[in-house]
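Data block below; observations after.
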Amino acid sequence: MCRWMMGATCSSSRRDFLKKCLTGAAVLGAGGGAGLLAAAEQREAFAKSRVVIARDAMLRGAGTTVDSRRILSLLDRALQAIFDRDNPIETWKKLVRPGETVGLKVNALGGPGFCSNPLVEAICERLQQAGIKANDIVVWDRDSDELERAGFHVSMGGNRVQCYGTDRVDYEQELVTRGSVGSRLSKILTQRCNLLINVPVLKDHDGAGVTIALKNMYGVIHNPNKYHPNGCNPYIADLNMLPEIRSKMRLTICDATTAAYEGGPGYKPQYSWKNNALIVSQDPVALDYTGWQIIDRKRAENGLKTLEGDGRAPHYIATAADRQHRLGTNDPGKIAVVEV
Numbered sequence: 006m007c008r009w010m011m012g013a014t015c016s017s018s019r020r021d022f023l024k025k026c027l028t029g030a031a032v033l034g035a036g037g038g039a040g041l042l043a044a045a046e047q048r049e050a051f052a053k054s055r056v057v058i059a060r061d062a063m064l065r066g067a068g069t070t071v072d073s074r075r076i077l078s079l080l081d082r083a084l085q086a087i088f089d090r091d092n093p094i095e096t097w098k099k100l101v102r103p104g105e106t107v108g109l110k111v112n113a114l115g116g117p118g119f120c121s122n123p124l125v126e127a128i129c130e131r132l133q134q135a136g137i138k139a140n141d142i143v144v145w146d147r148d149s150d151e152l153e154r155a156g157f158h159v160s161m162g163g164n165r166v167q168c169y170g171t172d173r174v175d176y177e178q179e180l181v182t183r184g185s186v187g188s189r190l191s192k193i194l195t196q197r198c199n200l201l202i203n204v205p206v207l208k209d210h211d212g213a214g215v216t217i218a219l220k221n222m223y224g225v226i227h228n229p230n231k232y233h234p235n236g237c238n239p240y241i242a243d244l245n246m247l248p249e250i251r252s253k254m255r256l257t258i259c260d261a262t263t264a265a266y267e268g269g270p271g272y273k274p275q276y277s278w279k280n281n282a283l284i285v286s287q288d289p290v291a292l293d294y295t296g297w298q299i300i301d302r303k304r305a306e307n308g309l310k311t312l313e314g315d316g317r318a319p320h321y322i323a324t325a326a327d328r329q330h331r332l333g334t335n336d337p338g339k340i341a342v343v344e345v
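Take the sequence shown: its position 146, counted from the start at 1, is 151 in this note's numbering, and no numbers get skipped.
Structure follows, in structure tokens:
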């Protein structure tokens, strides 16, 4: 499934990253007091939840298909900014260790319109270069047919990257509960994966407001339809509190190359746009909050009400950040949005 492409490098440096991370902070000069203030601002920036938005206007070249080398480079820039590393392989070695089994939880619901296949291939390549065996990588979602329709090649067994849905292995028989949620979890999550990398899509949702990082976990349970009332609140937050999910989640890499500002979660081309970006964070709440703002700005550009004005504000994001959940922050003052 994954190509083996060599030599992709990134020019982002630690110094460049520090400059970009100090969003909203003025560097006041080289004097003693000013230098201390700049250092304090630098420490404050690193204390914030980091959300990296990596963009490439030429991601598709002159056509409509995502260029595989450019998305690999885009992924490198995003990960190096998150982990403050200059070498892409060393960046991944900070995230994973040989011998671990890595689950890539994709979102195949939108079909090829939102296809994450080029991004997933780039992630698989870097994971293998960091020492993860191909057959210790599992690309998965709830249903194998949905994966096929989205452009993934379903495969089980052998020495290649694994790709299949929970329909091939079933859900656990035992119900797990947390707050308002009681569900059976995918055996891919409970038995196959040591860790998770969440690979959602940036899109609008007709009930929840947005579906990005947190809601992508609806694809790991047997009864997601039960948890759509009230804009999925507090169900999304409660689900993400399950230790089987929370303890394994390492990173979210949101495919925002094609995004939707209306009409989701399915793909409707009239409400989608070529955003040519990735959004990456270890804080899923901060990422979802940032994605919400991006979607609202696009709605405004197209003459639509905000999600709040449309009665669909994603209140579950605030719930996920509250004292009972503490899954991350939705406070813009505590989020450092870094654009690379």
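Glycine is no exception: its CB is placed at the ideal position from the N, C-alpha and C atoms. Please read these numbers as outputs of a predicted model, since none were measured by experiment.
Which residue from the options puts its Cα closest to that of residue i?
i	options	result
Cys-198	Lys-110, Ala-323, Glu-153	Lys-110
Gly-271	Asn-235, Asp-209, Ala-325	Asp-209
Ser-73	Gln-298, Asp-315, Asn-281	Asn-281
Leu-292	Ala-62, Ser-78, Ile-87	Ile-87
Gln-369	Ile-340, Thr-257, Pro-274	Residue 369 is absent from the structure shown; the chain starts at 6 and stops at 345.
Gly-118	Asp-315, Arg-328, Trp-278, Pro-319	Trp-278
Asp-5	Ser-286, Leu-256, Arg-304	For residue 5 there is no data in the structure shown, the boundaries of the chain being 6 and 345.
Glu-313	Lys-53, Gly-236, Ala-261	Gly-236
Ile-284	Ala-67, Cys-259, Lys-273, Val-125	Cys-259
Val-225	Thr-69, Asn-92, Ala-318, Asn-112	Asn-112
Tyr-321	Pro-234, Ser-191, Thr-96	Pro-234
Gly-269	Cys-168, Arg-317, Pro-229, Asn-228	Arg-317
Lys-150	Gly-115, Asn-164, Gly-163	This sequence places Asp at residue 150; Lys is not what is there. Comparing Cα-Cα distances from Asp-150 to each of Gly-115, Asn-164, Gly-163, the minimum goes to Gly-115.
Ala-213	Asp-172, Ala-261, Tyr-169, Pro-319	Pro-319
Val-215	Gln-196, Asn-238, Asp-148	Asn-238
Ala-62	Ala-52, Ser-78, Ser-54	Ser-78
Cys-120	Leu-152, Asp-91, Arg-90	Leu-152
Near residue i, which residues of its chain fall below 7 Å by C-beta distance, leaving aside the five closest residues on each side in sequence?
i	result
Asn-434	The chain is shown from 6 up to 345; residue 434 falls before or after that span and cannot be answered.
His-330	Ala-242, Met-246, Thr-324
Tyr-240	Ser-185, Val-186, Tyr-232
Met-222	Leu-244, Asn-245, Ile-250
Val-125	Leu-109, Val-111, Val-144, Val-204
Arg-328	none
Just to confirm my understanding: we take residue i, look at its own chain, exclude 5 residues before and 5 after, and list those with CB closer than 6 Å. What are they?
i	result
Leu-80	Ala-127
Lys-253	Leu-200, Leu-201
Thr-311	Asp-301
Arg-48	Low per-residue confidence applies at Arg-48: pLDDT is 47, beneath 50, and the placement is therefore not dependable, though the value from the model is reported in the following sentence. Nothing meets the Cβ criterion.
Gln-134	Ile-94
Ser-286	Val-56, Thr-257, Leu-292
Ala-218	Asn-203, Pro-205, Thr-257, Pro-289, Leu-292, Asp-293
Asn-335	Val-290, Tyr-294, Ile-322, Ala-323, Ala-326
Arg-131	Trp-97
Arg-75	Asp-61, Leu-64
Any heavy atom of the ligand MN closer than 7 Å to the CB of residue i?
i	result
Val-125	Among the components of this structure there are no ligands whatsoever, and the ligand MN is therefore not found.
Give me the DSSP bridge partner(s) of residue i.
i	result
Trp-278	Ala-264
Gln-167	Val-143
Ala-341	Arg-55
Thr-257	Asn-203, Ser-286
Can you give me the Cβ contacts of residue i inside the same chain, cut-off strictly under 8 Å, excluding the 5 residues immediately before and after it?
i	result
Asn-122	Ala-155, Gly-156, Phe-157
Arg-102	Gly-136
Arg-189	Tyr-176, Glu-177, Gln-178, Glu-179, Leu-180, Val-181, Ile-226, His-227, Asn-228
Pro-274	Gly-118
Leu-309	Tyr-266, Glu-267, Asp-315
Flag residue i as yes if its beta-carbon sits less than 8 Å from any beta-carbon of chain B, otherwise no.
i	result
Ile-340	Among the protein chains of the structure shown there is no chain B, as only one such chain exists.
- Task: Give a yes or no on contact between the segment 251-269 and the segment 199-219, applying the rule of three or more CB pairs nearer than 8 Å.
- Result: Touching, yes, given that three or more Cβ pairs across the two stretches are closer than 8 Å.
- Query: Can we say the segment 175-183 touches the segment 155-162, given the rule of at least three CB pairs closer than 8 Å?
  - Reply: no
- What alpha helix (DSSP H) runs, 4 residues minimum, are completely inside the segment 266-327? 289-306, 321-326
- Please go through the segment 191-251 and give each complete beta strand (DSSP E) segment of 3 or more residues, from N-terminal end onward. Segments of the beta strand (DSSP E) lying fully in the segment 191-251: 200-203, 206-210, 214-216.
- Query: Which runs of the beta strand (DSSP E) spanning at least 3 residues fall entirely within the segment 81-139, listed in chain order?
  - Reply: As far as the segment 81-139 is concerned, its whole beta strand (DSSP E) runs of at least 3 residues are 107-110.
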